[in-house]
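Protein chains: 4
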Amino acid sequence: MAESTAQEETRARRSPDPRRRSERARRAIVDAAAELMGEVGYAGLTMEAIAARARVGKQTIYRWWPSKAAVVLDVFTALTGGVAGEPLPDTGDLAEDLRTVFRATVDEFRVPEMDRTTRAFTAELQHDPAFAEAVEERMLRPNMRAFEERLRSAVAAGEVDPGIDLRLATELLLGPFHHRWLLRTGPLTHEYVDELVDTVLRALRPRT
Amino acid sequence: MAESTAQEETRARRSPDPRRRSERARRAIVDAAAELMGEVGYAGLTMEAIAARARVGKQTIYRWWPSKAAVVLDVFTALTGGVAGEPLPDTGDLAEDLRTVFRATVDEFRVPEMDRTTRAFTAELQHDPAFAEAVEERMLRPNMRAFEERLRSAVAAGEVDPGIDLRLATELLLGPFHHRWLLRTGPLTHEYVDELVDTVLRALRPRT
Amino acid sequence: MAESTAQEETRARRSPDPRRRSERARRAIVDAAAELMGEVGYAGLTMEAIAARARVGKQTIYRWWPSKAAVVLDVFTALTGGVAGEPLPDTGDLAEDLRTVFRATVDEFRVPEMDRTTRAFTAELQHDPAFAEAVEERMLRPNMRAFEERLRSAVAAGEVDPGIDLRLATELLLGPFHHRWLLRTGPLTHEYVDELVDTVLRALRPRT
Amino acid sequence: MAESTAQEETRARRSPDPRRRSERARRAIVDAAAELMGEVGYAGLTMEAIAARARVGKQTIYRWWPSKAAVVLDVFTALTGGVAGEPLPDTGDLAEDLRTVFRATVDEFRVPEMDRTTRAFTAELQHDPAFAEAVEERMLRPNMRAFEERLRSAVAAGEVDPGIDLRLATELLLGPFHHRWLLRTGPLTHEYVDELVDTVLRALRPRT
DNA sequence: TCATAACCGAGACGGTACGTCTGGTCTTAGT
DNA sequence: ACTAAGACCAGACGTACCGTCTCGGTTATGA
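Residue numbers (this note's numbering), protein chains in the order written: chain A, 68 to 275; chain B, 68 to 275; chain C, 68 to 275; chain D, 68 to 275.
Below, the structure is given as structure tokens:
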């Protein structure tokens with residue numbers, strides 16, 4: 068995000084001292100942004116409104132976050148408890164484990180705040196490369212790696228054909244789900260993800 | 068300064084008469100928007116700049132398009148020649164036909180203008196429900212229906228299991244592609260789509 | 068603005084043929100302008116609104132009047148019956164005659180339409196030299212000449228000092244009235260103009 | 068694009084804090100407006116042009132002035148040094164004092180900037196009641212009061228008939244001058260005002 | 001008499017300015 | 001010294017009108 072690597076003495080834009088950061092202000096800003104996301108959505112969200120709602124100077128926001136997207140990224144992190152990329156369950160039954168994960172995700176996306184925030188991310192990703200990099204690194208890639216790990220374990224267990232490219236396999240699972248959610252091409256239900264998992268696994272199982 | 072606006076007469080916001088529409092202005096606007104999309108991208112695009120570049124009054128844009136997104140939708144329509152939802156090739160060999168289609172799509176998305184415009188759409192879709200409806204109806208659903216038709220033909224030919232839900236099957240093909248493109252989780256090459264098609268077809272083929 | 072002086076054959080801006088002028092449209096425009104003057108005042112008046120109210124194309128207005136001010140000038144002409152500069156009464160008693168005239172003027176200016184229109188004129192006079200010339204020639208100078216004539220008659224009758232400059236004398240009468248009316252520095256009543264006339268005449272009467 | 072304006076917080080239109088006002092910006096705006104008044108006149112003056120010339124955001128103008136007229140009022144105040152209603156000279160010779168004052172005024176109105184600005188005021192007064200009130204209070208009434216004071220002194224000195232209404236007497240002096248200036252009914256010279264003063268004083272002097 | 005030139009209502013057009021909103025930076029008071 | 005508050009410069013927003021320019025339709029002259 069920062070474009071200069073050298074930390075010159077005379078640098079006008081001194082980076083602020085994080086030790087002095089007001090935790091009260093940080094929380095107020097993230098909370099205000101979260102509330103406003105729910106009320107007016109990402110597009111209707113403005114720095115001005117966040118500052119006003121949080122009773123904080125605009126500069127206090129700009130001091131610690133480079134953009135609206137970055138604030139919302141922290142909102143999201145707060146919503147999800149900051150966990151991304153934690154390992155998938157591994158009961159030994161791949162189908163069952165995937166169904167568990169996807170059903171939970173379906174439930175999560177039913178929470179409007181989560182849905183809206185995630186949509187906003189996906190949209191913002193297309194415009195802001197720096198933000199894209201941050202989101203991908205903090206959320207997307209860890210998540211995909213967790214899927215690949217579970218699949219690797221399934222390969223070892225003989226449930227999945229070792230010739231399968233694991234990234235492709237992961238996309239085979241996440242892609243249709245994401246497509247349906249993002250483009251609203253159908254209902255996102257437990258039944259849907261069950262069928263999705265079953266069908267994909269037909270493609271992954273070892274050739275006889 | 069004005070004591071009152073006195074628009075009792077002008078009110079009622081009559082919709083304009085399309086017969087009187089200036090084709091010259093329409094083209095200039097779409098062309099200008101297309102150029103600017105390439106130069107500054109969707110986020111940097113402004114109605115003001117489009118009007119200036121097209122040498123057109125802003126009102127002439129607002130008269131015919133409700134939003135920036137709507138203009139860009141016409142840019143896209145112009146780029147693709149207005150075709151959406153045309154039938155997929157049907158040589159009798161489903162795998163071959165799908166590879167052909169996906170390889171062509173890969174090539175299309177290599178054109179930066181196409182890539183940026185389509186990304187802008189996908190982003191805008193998340194914010195603007197009316198626009199979303201328009202894009203889905205004019206582009207997305209026709210396209211998916213074309214896939215479903217080709218798959219239906221493959222079912223009849225015995226290439227695809229009749230028990231498969233065709234919408235799910237379509238998502239199985241489009242989802243991973245879309246996921247990889249939108250989230251840049253890997254290279255979009257002919258090799259990739261070949262492998263994608265082959266793997267998905269393993270899930271679709273009739274059970275022995 | 069026009070760079071060509073010669074009246075070329077191909078000159079685009081031909082002056083219209085007054086014989087073909089639609090009396091219906093003319094009346095509708097003047098009436099609409101008069102109504103709107105009363106409703107929103109001169110500043111709030113727009114060509115667009117006049118055209119809409121009169122159910123007339125804007126071009127029909129621009130064809131026959133060069134500006135908003137010109138239309139309103141015709142409104143005024145219609146209001147006053149087109150008379151300007153008609154001789155003042157001459158009963159032989161100057162004071163009485165002036166009181167009569169001024170009292171009538173006070174009454175006229177009590178009509179809001181008249182008041183507003185005349186104010187609008189006086190304002191517009193300051194901005195638009197061409198309009199100023201028209202108003203001065205059609206209304207102001209004839210009026211002043213009428214006063215001077217009456218005063219000349221009074222000089223002959225021995226009521227006014229022959230050494231007095233008649234234009235100055237006229238201004239002595241009209242100026243205070245105009246000042247009070249335009250700048251609202253006091254009430255415009257019959258009593259006021261009676262006192263004004265009496266006081267001015269003290270300055271005009273022959274020196275003993 | 069925005070789903071809602073979400074100005075719940077920003078509402079209430081708090082009036083700005085004058086202590087924080089930038090004197091640099093204030094001066095730049097008034098100076099720019101003064102320059103533009105000279106170049107394009109009041110009618111041609113736009114807020115946009117003032118902002119551009121002053122290198123100031125438009126909002127900074129609208130924050131402190133309600134209208135173009137208000138800005139120009141400050142231009143005028145700056146031009147005249149902010150003095151209005153200062154006492155007239157009182158040498159004991161009323162005629163001489165009035166001649167002095169009127170000759171100075173004639174000279175002032177020869178400065179095109181002053182002439183144009185004052186005309187613009189007088190015009191604007193007719194359209195904008197709030198502005199009218201401001202101008203009348205800040206300039207017109209103090210000025211008239213100064214005249215009345217000088218006349219009151221002259222009454223005490225036996226130069227003016229005590230039965231004369233002093234407001235009327237003031238209008239008798241200012242009205243003809245104003246009339247001739249505003250309506251251009253004659254040249255505004257020292258000779259003219261000398262004669263005006265002499266003639267008016269004939270009306271004011273004590274009856275023998 | 002009847003073709004045809006013009007005016008007519010309507011309204012789209014290229015423009016300018018409006019007054020508002022937000023973005024991101026800078027300044028001021030206050031604690 | 002750091003915060004909240006908010007003024008600052010900048011510029012896009014969507015609207016209102018401007019004055020000009022077609023567009024058909026309808027008179028009403030004059031060849």
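A virtual CB, placed ideally from N, CA and C, is assigned to each residue, including glycine. Keep in mind that this is a model prediction, so the values were computed, not measured.
Limits of the unbroken alpha helix (DSSP H) element including residue i
i: residue 115/C; result: 114-121
i: residue 140/D; result: 135-146
i: residue 189/C; result: 179-194
i: residue 252/C; result: Run containing residue 252/C: none; DSSP gives neither H nor E here.
CB contact check: residue i to chain C, cutoff 8 Å
i: residue 243/D; result: yes
i: residue 234/D; result: yes
i: residue 263/D; result: yes
Interface flag, residue i vs chain A, CB-CB below 8 Å
i: residue 164/B; result: no
i: residue 277/B; result: This structure cannot speak to residue 277/B, because chain B is shown only from 68 to 275.
i: residue 115/B; result: no
i: residue 193/B; result: yes
i: residue 253/B; result: yes
i: residue 112/B; result: no
i: residue 155/B; result: no
Residue-chain proximity (residue i, chain D), Cβ-Cβ < 8 Å
i: residue 104/C; result: no
i: residue 246/C; result: yes
i: residue 151/C; result: no
i: residue 161/C; result: no
i: residue 190/C; result: yes
C-beta atoms of residue i and residue j nearer than 8 Å
i: residue 174/A; j: residue 217/A; result: no
i: residue 212/A; j: residue 108/A; result: no
i: residue 100/B; j: residue 138/B; result: yes
i: residue 260/B; j: residue 161/B; result: no
i: residue 88/D; j: residue 131/D; result: yes
i: residue 135/B; j: residue 155/B; result: no
i: residue 140/A; j: residue 201/A; result: yes
i: residue 242/A; j: residue 242/B; result: yes
Length of the line joining the Cα atoms of residue i and residue j
i: residue 163/A; j: residue 234/B; result: 23 Å
i: residue 116/D; j: residue 199/A; result: 41 Å
i: residue 142/B; j: residue 185/A; result: 27 Å
i: residue 209/C; j: residue 120/B; result: 54 Å
i: residue 255/C; j: residue 196/D; result: 18 Å
i: residue 84/D; j: residue 126/D; result: 15 Å
i: residue 187/A; j: residue 206/A; result: 14 Å
i: residue 245/B; j: residue 194/A; result: 17 Å
i: residue 270/D; j: residue 106/D; result: 43 Å
i: residue 231/A; j: residue 181/B; result: 31 Å
i: residue 251/B; j: residue 179/B; result: 14 Å
i: residue 273/A; j: residue 221/A; result: 11 Å
i: residue 152/A; j: residue 82/B; result: 52 Å
Own chain, CB closer than 8 Å to residue i, minus 5 neighbours either side, in chain order
i: residue 145/A; result: 97 and 101
i: residue 189/D; result: 249
i: residue 237/A; result: 211, 214, 215 and 218
i: residue 253/C; result: 247 and 259
Other residues of its chain near residue i: CB distance less than 6 Å, five sequence neighbours each side excluded
i: residue 240/C; result: 267
i: residue 165/C; result: 264
i: residue 92/B; result: 123 and 127
i: residue 223/D; result: none
Nonlocal neighbours in the same chain, by C-beta distance under 7 Å from residue i, ignoring five residues either side
i: residue 257/A; result: 170 and 173
i: residue 103/B; result: 112, 116, 117 and 120
i: residue 74/C; result: Here the model assigns residue 74/C a pLDDT of 39, short of 50, so the residue's position is not dependable, and the following value carries that caveat. Closer than 7 Å at the Cβ level, and outside the excluded window around residue 74/C, lies no residue.
CB contact below 8 Å: residue i versus chain B
i: residue 206/A; result: no
i: residue 130/A; result: no
i: residue 238/A; result: yes
i: residue 186/A; result: yes
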